[in-house]
Amino acid sequence: MKLNKRTVAHFATCESHVDKEGTLLKRGEVNTAFQRRWFVLKGNMLFYFDSRDDREPAGLVVLEGCTVELSDAAPIEHAFALRFAGASARTYTLAAQSHGEMTTWMRAIASANFDYLHTLADELERQHRSLLSTRKPILALPRASLMPSSKFNGQCPLQPIPHSSHDSRLRSNTASTDSTIPSPRRPPPPIPPRPVTVARTRPETPASSTTFYMECNDGPGLASDLALSTFQELHAEYGATVQELRRQWRQI
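Residues in the sequence shown are numbered from 542 upward in steps of one, following the working numbering.
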């Protein structure tokens with residue numbers, strides 16, 4: 542495998558993601574003594590430097606087809622070997638400072654090759670298909686069922702609110718309290734009749750807006766048409782009435 546030396550050196554020292562880095566002991570090819578090196582793992586490339594501050598790596602190990610195993614034959618504790626298939630392939634013998642550090646390095650290197658990622662992706666896909674096959678279907682309600690029934694012709698009359706004992710006690714307490722409060726010097730203005738909105742066709746509103754159905758009755762025998770409005774239109778319509786009442790109150 543041929544690699545561009547300058548590109549590899551830049552990738553080893555750039556600010557890209559580092560999977561693992563630290564100090565390991567490495568057995569040399571000529572001098573079989575263990576030497577301290579600074580290792581950096583990026584993807585499936587294991588770089589090693591003579592010192593941590595070096596700007597160029599002293600060597601590179603491409604981990605594709607690599608097998609990580611313990612090295613019992615090494616004359617040092619916490620040693621492990623990187624073996625490659627082939628008669629002339631080189632074996633790298635490394636050693637960590639502790640058993641826990643050796644375990645984390647072996648796991649990181651073993652999961653850094655493409656074959657491991659491909660096997661992991663296949664297993665996750667198999668689990669996903671298994672979950673989809675055993676999952677019970679969810680019955681979704683039709684969207685039309687959320688709208689009012691057709692027998693009302695788009696109308697949804699308001700239901701009377703039942704009176705509770707708490708409401709009756711509240712009214713009695715309010716009445717007794719009002720009897721002790723003197724009447725104001727000026728009477729409040731008369732309440733104007735409730736506005737009657739002529740029914741109109743439904744406007745085209747965005748999906749996020751809420752549509753209200755309201756039926757206004759001015760009295761017995763006087764039923765107004767159904768008003769179909771958005772919340773913004775209702776707020777503006779009744780807000781104008783409130784502002785008019787406040788203006789009349791200030792003029793008294």
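All residues carry an ideal CB built from backbone N, CA and C; glycine is no exception.
Quick caveat, the model's predicted, so the values are computed rather than measured.
- Taking a cut-off of 8 angstroms on C-beta distances, the stretch 641-658 touches the stretch 597-609, as three or more cross pairs fall below it.
- In the displayed model, G606 falls within coil according to three-state DSSP, outside both helix and strand.
- Counted as a single uninterrupted DSSP element, the stretch harbouring V581 is not any alpha helix (DSSP H) but the beta strand (DSSP E) occupying residues F575 to K583.
- When DSSP states are grouped into helix, strand and coil, K561 belongs to the strand group.
- Here the alpha carbons of F588 and H551 stand approximately 12 angstroms from one another.
- In the DSSP assignment, T548 falls within the unbroken alpha helix (DSSP H) covering K546 to T554.
- For T634, the enclosing beta strand (DSSP E) has its first and last residue at Y633 to A636.
- Short of 7 angstroms from the beta carbon of V602, and not among the five residues preceding or following it, lie these beta carbons of its own chain, in chain order: L587, L623 and Y633.
- By the C-beta density criterion, H558 is exposed, having fewer than 16 other C-beta atoms within 10 angstroms.
- Between the C-alpha atoms of A628 and G600 there is a straight-line separation of about 21 angstroms.
- Excluding residues up to 5 positions away in sequence, R578, W579 and A599 lie with their Cβ nearer than 8 angstroms to the Cβ of D591 in the same chain.
- The straight-line gap separating the alpha-carbon atoms of G569 and L661 is approximately 34 angstroms.
- Where A622 is concerned, the enclosing beta strand (DSSP E) starts and stops at A620 to F625.
- With distances taken between CA atoms, L604 lies nearest to L658 out of L658, N572 and G563.
- Using a Cβ distance threshold of 8 angstroms, R593 and T554 do not count as a contacting pair.
- Residue nearest to K583 within the set T675, S652 and M643 is S652 (criterion: CA-CA distance).
- Within the DSSP secondary-structure output, Y779 pairs in no beta bridge.
- In the DSSP assignment, I650 falls within the alpha helix (DSSP H) that extends over H640 to A651.
- Residue nearest to T564 within the set L635, A781, A777 and T782 is L635 (criterion: CA-CA distance).
- When only Cα atoms are considered, Q576 and F621 end up about 15 angstroms apart.
- With 16 or more other CB atoms across the displayed protein chains lying within 10 angstroms of its CB, H619 is buried.
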